[in-house]
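A.B. asks: Heads up: the protein sequence lines correspond to chains A and B, in order. Sequential numbering from 2 applies to the first sequence in my numbering. Sequential numbering from 2 applies to the second sequence in my numbering. The beta carbon of each residue, even a glycine, is placed where N, CA and C say it ideally should be. Below you'll find the structure I mean.
There are 2 protein chains.
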Amino acid sequence: MAITVVGSVAYDSIETPAGRRERCLGGAATHFSLAASFFTDVRVIAVVGEDFGPEQEAVFKKRNIDIQGIERAPGKSFFWEGSYLDNLNEAKTHITDLNVFASFEPKIPDAYRDSEFLFLANIDPVLQRRVREAMPDVKLVAGDTMNYWIKDHKPALLEVLKGLDILLINDTEAKMLAGNNNLVQAAKAVIDMGPHTLIVKHGEYGATAFFGKGSISHSAHGDFHAFRAPALPLEEVVDPTGAGDSFAGGFFGYLASQPELTPATFRRAMFYGSVMGSFAVERFGTERIQDLTRKEIDDRFILFRELTHLD
Amino acid sequence: MAITVVGSVAYDSIETPAGRRERCLGGAATHFSLAASFFTDVRVIAVVGEDFGPEQEAVFKKRNIDIQGIERAPGKSFFWEGSYLDNLNEAKTHITDLNVFASFEPKIPDAYRDSEFLFLANIDPVLQRRVREAMPDVKLVAGDTMNYWIKDHKPALLEVLKGLDILLINDTEAKMLAGNNNLVQAAKAVIDMGPHTLIVKHGEYGATAFFGKGSISHSAHGDFHAFRAPALPLEEVVDPTGAGDSFAGGFFGYLASQPELTPATFRRAMFYGSVMGSFAVERFGTERIQDLTRKEIDDRFILFRELTHLD
């Protein structure tokens with residue numbers, strides 16, 4: 002089944018202990034759609050400027066990603082510059098130029114309307130809500146957000162949460178959103194805000210899914226409970242940019258590729274999310290994911306199983 | 002097979018967001034031996050003062066722990082006072098009174114000499130080494146240490162590492178010991194110092210075992226690789242004191258209880274370690290572990306499997 006994703010398509014200048022890249026293709030919708038494209042059809046809604054050319058288009062087209070919903074606007078594309086010199090787990094932002102994103106009005110192509118899965122990547126919650134409302138019939142909606150929206154745009158974000166099935170955020174964001182420093186208590190509070198499932202990403206320690214009422218795993222196992230997927234211990238993290246979006250793409254892409262949502266497919270989806278996140282950080286920007294094969298993905302899935310399973 | 006453990010038996014005054022306890026029974030050897038006692042015979046080498054009475058003895062005896070190696074010395078037992086008010090992951094030490102521990106000379110009772118497993122809990126590496134050398138014929142030796150010894154007693158600690166099969170430390174300690182901020186690179190460096198297996202404890206994110214040449218899992222799988230055990234997401238952490246020692250006790254106790262060391266028993270041992278750590282933090286000091294039943298342990302083992310396994 003097809004996924005429609007709305008989010009940023011951008012240029013990133015990135016510095017890490019492994020080196021520096023100028024204006025590489027980035028943005029949450031880019032990382033998400035490339036990762037998800039290994040599992041299912043993906044359709045992107047975004048806006049880019051006049052600096053988005055055939056070379057960038059080709060990255061999406063090579064992966065059969067539908068980009069008719071990427072609008073071209075006069076001006077420059079969203080630009081982000083950041084570094085991870087002190088801490089690979091947290092970017093230090095130097096420049097955020099919204100550019101054409103400042104006046105983005107998402108438009109949904111007719112050809113996208115039969116998408117059964119919708120992913121609201123990290124953008125202004127007002128825009129996330131607008132896309133959610135324009136696609137009321139989707140089967141499953143997941144979304145992401147960040148500390149900026151939690152801190153300064155909470156009312157708009159709370160409206161978005163009401164329309165989500167699954168929220169994917171990191172530890173700090175979950176605790177900040179709930180105003181609670183205990184992760185389990187925070188997860189329960191976030192689930193009370195709308196999503197029946199909360200996936201908390203722990204960076205190098207993997208991710209935990211918390212299931213509330215209405216979640217796929219709740220109906221099978223009852224009660225509030227959890228599932229943990231590991232991250233791969235890596236000898237070198239070249240660039241963490243897009244790891245979370247790649248996780249989301251692997252997770253949601255695998256779910257959308259399955260005929261039925263069961264607790265087992267959900268668990269496998271968490272592992273595929275971790276697998277895609279582990280590839281993403283191996284090279285700068287989208288370099289590694291652009292290069293990937295399905296066989297490499299499935300080999301690493303087996304490695305993740307060996308890393309965690311008793312037998 | 003029996004485990005001999007050398008380490009501290011102490012009194013702890015602890016403050017956490019959940020409350021405060023004065024002078025509860027603690028110390029690394031106490032937490033370790035109580036946790037391990039659910040799996041195998043445990044024999045303790047330590048020193049206590051005149052304040053160690055029948056009430057404390059009874060805690061060990063109830064769990065059939067051999068305490069003939071706990072020496073009584075004139076003076077007071079080791080005393081530690083600390084709090085976790087700001088951060089449940091890191092204790093703030095207010096008072097450390099070594100007392101009788103300052104002049105501790107470990108003596109090994111004859112009845113302990115046939116122990117096949119030896120655990121060197123976190124004490125002065127000079128003492129760890131002395132006990133290790135006095136028991137050259139043990140089958141498997143594991144040990145723990147802490148930032149204080151890594152920072153200020155490194156030469157003595159390096160001598161201990163040469164005699165260890167398995168070292169259990171936390172992320173910060175592993176990185177500090179190796180002088181390397183990447184965990185995998187740090188693990189390789191630590192393994193080069195002696196132990197063929199390094200277990201890095203991640204607190205609320207579980208623990209990772211790294212296997213080098215000579216380790217049980219290396220011989221089965223070849224190459225440097227890893228295994229990750231989760232921690233249980235807990236709604237309330239009452240007191241983290243002793244969680245790491247309880248992990249070590251569950252891990253090493255289970256290993257010692259098995260007829261053969263295989264990669265599968267090692268993996269199960271990691272899970273039992275996490276299980277015992279998860280119980281330890283549910284109440285103050287040793288309260289929860291004193292109260293535990295084997296059925297509770299095995300039920301939680303099943304929960305850990307559900308938390309991590311695909312099917």
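In angstroms, rounded to a whole number, what distance separates the CA positions of residue 144/B and residue 51/B?
C.D. replies: Position 143 of the second sequence holds residue 144/B. Position 50 of the second sequence holds residue 51/B. Approximately 28 angstroms between the Cα atoms of the pair.
A.B. asks: Taking the Cβ atom as the reference point for each residue, do residue 305/A and residue 260/A lie within a distance shorter than 9 angstroms?
C.D. replies: On the first sequence, position 304 is the one that residue 305/A refers to. On the first sequence, position 259 is the one that residue 260/A refers to. Cβ atoms of residue 305/A and residue 260/A: not closer than 9 angstroms.
A.B. asks: For chain A, check one thing: does any of its Cβ atoms lie closer than 9 angstroms to the Cβ of residue 16/B?
C.D. replies: By one-based count along the second sequence, residue 16/B stands at place 15. No, its Cβ sits nowhere closer than 9 angstroms to a Cβ of chain A.
A.B. asks: Using a threshold of 9 angstroms, state whether the C-beta atoms of residue 70/B and residue 243/B are closer than that.
C.D. replies: What you label residue 70/B is simply residue 69 of the second sequence in a count that begins at 1. What you label residue 243/B is simply residue 242 of the second sequence in a count that begins at 1. The answer is no: Cβ separation not under 9 angstroms.
A.B. asks: Would you give the residue range spanned by the alpha helix (DSSP H) that residue 309/B belongs to?
C.D. replies: Taking the second sequence and counting its residues from 1, one reaches residue 309/B at position 308. Element bounds for residue 309/B: 295 to 309.
A.B. asks: For a contact defined as C-beta to C-beta under 8 angstroms, what are the partners of residue 312/A on chain B?
C.D. replies: Indexing the first sequence from 1 puts residue 312/A at position 311. Near residue 312/A (Cβ distances below 8 angstroms), the residues of chain B are 265, 268.
A.B. asks: For residue 94/A, which three-state DSSP category applies?
C.D. replies: Against the first sequence, residue 94/A aligns to sequence position 93. Three-state DSSP puts residue 94/A in a strand.
A.B. asks: Quick one: complete alpha helix (DSSP H) runs, 4+ long, within the region 48 to 128 of chain A?
C.D. replies: Fully enclosed alpha helix (DSSP H) runs of 4 or longer: 55 to 63.
A.B. asks: Rank 127/B, 181/B, 184/B by C-alpha distance to the C-alpha of residue 159/B and give the top, closest one.
C.D. replies: Against the second sequence, residue 159/B aligns to sequence position 158. Among 127/B, 181/B, 184/B, the Cα nearest to that of residue 159/B belongs to 127/B.
A.B. asks: Could you give the first and the last residue of the continuous beta strand (DSSP E) run that contains residue 268/A?
C.D. replies: As a working mapping, residue 268/A is identified with position 267 in the first sequence. Careful: residue 268/A lies outside any beta strand (DSSP E), inside the alpha helix (DSSP H) at 264 to 281.
A.B. asks: Would you call the region 62 to 80 of chain A and the region 24 to 42 of chain A in contact, with 3 or more CB pairs under 8 angstroms?
C.D. replies: Contact holds: three or more Cβ-Cβ distances are below 8 angstroms.
A.B. asks: With a threshold of 8 angstroms, are at least 3 pairs of Cβ atoms found where one atom belongs to the region 5 to 25 of chain B and the other to the region 268 to 277 of chain A?
C.D. replies: Touching, no.
A.B. asks: For residue 2/B versus residue 116/B, is the C-beta distance shorter than 9 angstroms?
C.D. replies: Position 1 of the second sequence, counting from 1, holds the residue named residue 2/B. Position 115 of the second sequence, counting from 1, holds the residue named residue 116/B. Contact: yes.
A.B. asks: From residue 76/B to residue 48/B, what distance separates their C-alpha atoms?
C.D. replies: Numbered from its first residue, the second sequence carries residue 76/B at position 75. Numbered from its first residue, the second sequence carries residue 48/B at position 47. Approximately 11 angstroms between the Cα atoms of the pair.
A.B. asks: What are the uninterrupted segments assigned as alpha helix (DSSP H) that are 4 or more residues long and contained completely in the region 141 to 173 of chain A, given in chain order?
C.D. replies: Listed in chain order, the complete alpha helix (DSSP H) runs (minimum 4 residues) inside the region 141 to 173 of chain A are 148 to 153, 155 to 163.
A.B. asks: Of all the residues that make up the region 148 to 176 of chain A, which are near chain B by a beta-carbon distance shorter than 7 angstroms?
C.D. replies: Here the close residues number zero.
A.B. asks: Let's see if you can read the secondary structure: which residues bound the beta strand (DSSP E) around residue 214/B?
C.D. replies: In the second sequence, counting from the first residue as 1, residue 214/B sits at position 213. It is not in any beta strand (DSSP E) - residue 214/B carries neither H nor E in the DSSP assignment.
A.B. asks: Out of curiosity, what's the CA-to-CA distance linking residue 167/B and residue 45/B?
C.D. replies: Translated into positions along the second sequence, residue 167/B becomes position 166. Translated into positions along the second sequence, residue 45/B becomes position 44. Residue 167/B and residue 45/B: Cα-Cα distance of roughly 19 angstroms.
A.B. asks: Interface residues of chain A around residue 197/B at Cβ under 8 angstroms?
C.D. replies: Within the second sequence, residue 197/B is the residue found at index 196, counting from 1. Neighbours of residue 197/B on chain A: none; closest Cβ ~17 angstroms, over 8 angstroms.
A.B. asks: With DSSP collapsed to three states, give me the class of residue 226/B.
C.D. replies: Indexing the second sequence from 1 puts residue 226/B at position 225. Three-state result, residue 226/B: strand.
A.B. asks: Based on DSSP bridge pairs, tell me the residues matched to residue 199/B.
C.D. replies: To locate residue 199/B, count along the second sequence from 1; it is residue 198. Its beta-bridge partners are 168/B, 211/B.
A.B. asks: At a Cβ threshold of 9 angstroms, is residue 188/A touching chain B?
C.D. replies: On the first sequence, residue 188/A is found 187 positions in, with the first residue counted as 1. Cβ-Cβ to chain B under 9 angstroms: yes for residue 188/A.
A.B. asks: What does residue 203/B touch in chain A if you count any residue whose Cβ is under 7 angstroms from its own?
C.D. replies: One-based indexing of the second sequence puts residue 203/B at position 202. Correct list: 206.
A.B. asks: 9 angstroms is my cut-off, CB to CB: does residue 228/B come that close to chain A?
C.D. replies: The sequence position of residue 228/B within the second sequence is 227, counting from 1. Yes, because at least one Cβ of chain A sits closer than 9 angstroms to the Cβ of residue 228/B.
A.B. asks: Hey, how far is the Cα of residue 290/A from the Cα of residue 277/A?
C.D. replies: For the purposes of this step, residue 290/A is taken as residue 289 along the first sequence, with counting starting at 1. For the purposes of this step, residue 277/A is taken as residue 276 along the first sequence, with counting starting at 1. If I take the Cα positions, the gap works out to 8 angstroms.
A.B. asks: With distances taken between CB atoms, is the gap from residue 29/B to residue 246/B smaller than 9 angstroms?
C.D. replies: The residue labelled residue 29/B in the question sits at position 28 within the second sequence. The residue labelled residue 246/B in the question sits at position 245 within the second sequence. Cβ distance < 9 angstroms, so residue 29/B and residue 246/B count as in contact.
A.B. asks: In this structure, how does DSSP classify residue 238/B when only helix, strand and coil are distinguished?
C.D. replies: By one-based count along the second sequence, residue 238/B stands at place 237. Looking at residue 238/B - three-state DSSP - the assignment turns out to be coil, as it is neither helix nor strand.
A.B. asks: Using only alpha-carbon positions, find the residue among 205/A, 193/A, 22/A, 293/A that is nearest to residue 235/A.
C.D. replies: Start at 1 with the first residue of the first sequence, and residue 235/A comes out as number 234. Residue 205/A is the option with its Cα nearest to residue 235/A.
A.B. asks: Residues of chain A with CB closer than 9 angstroms to the CB of residue 262/B, please, in chain order.
C.D. replies: The residue given as residue 262/B occupies position 261 in the second sequence. Per Cβ cutoff of 9 angstroms: no residues; residue 262/B is ~15 angstroms from chain A at best.
A.B. asks: Find out if the Cβ-Cβ distance for the pair residue 101/B, residue 78/B is shorter than 9 angstroms.
C.D. replies: Your numbering for residue 101/B matches position 100 in the second sequence. Your numbering for residue 78/B matches position 77 in the second sequence. Yes; because the gap between Cβ atoms is below 9 angstroms, this pair is in contact.
A.B. asks: If I'm right that residue 169/A touches residue 140/A with Cβ under 8 angstroms, what's the distance once you round it to whole angstroms?
C.D. replies: Along the first sequence, one-based indexing puts residue 169/A at 168. Along the first sequence, one-based indexing puts residue 140/A at 139. So it is not a contact: roughly 17 angstroms between Cβ atoms.
A.B. asks: With residue 287/B as the anchor, note down where its beta strand (DSSP E) starts and where it stops.
C.D. replies: Taking the first residue of the second sequence as position 1, residue 287/B is located at position 286. Per DSSP, residue 287/B belongs to no beta strand (DSSP E) and is neither H nor E.
A.B. asks: Using a Cβ-Cβ distance cut-off of 9 angstroms, determine whether residue 297/B contacts chain A.
C.D. replies: The sequence position of residue 297/B within the second sequence is 296, counting from 1. Cβ-Cβ to chain A under 9 angstroms: no for residue 297/B.
A.B. asks: Thinking just about the alpha-carbon of each residue, which of 209/B, 57/B, 179/B, 161/B is nearest to the one in residue 25/B?
C.D. replies: Taking the first residue of the second sequence as position 1, residue 25/B is located at position 24. The option with the nearest alpha carbon to residue 25/B is 57/B.
A.B. asks: Is residue 146/B close to chain A? Criterion is C-beta to C-beta, closer than 9 angstroms.
C.D. replies: Position 145 of the second sequence, counting from 1, holds the residue named residue 146/B. Not an interface residue.
A.B. asks: Ordered along the chain, which non-local residues of its own chain (more than five positions away) have a Cβ less than 7 angstroms from that of residue 268/A?
C.D. replies: The count along the first sequence starts at 1 and reaches residue 268/A at position 267. Excluding sequence neighbours, residue 268/A sits near 228.
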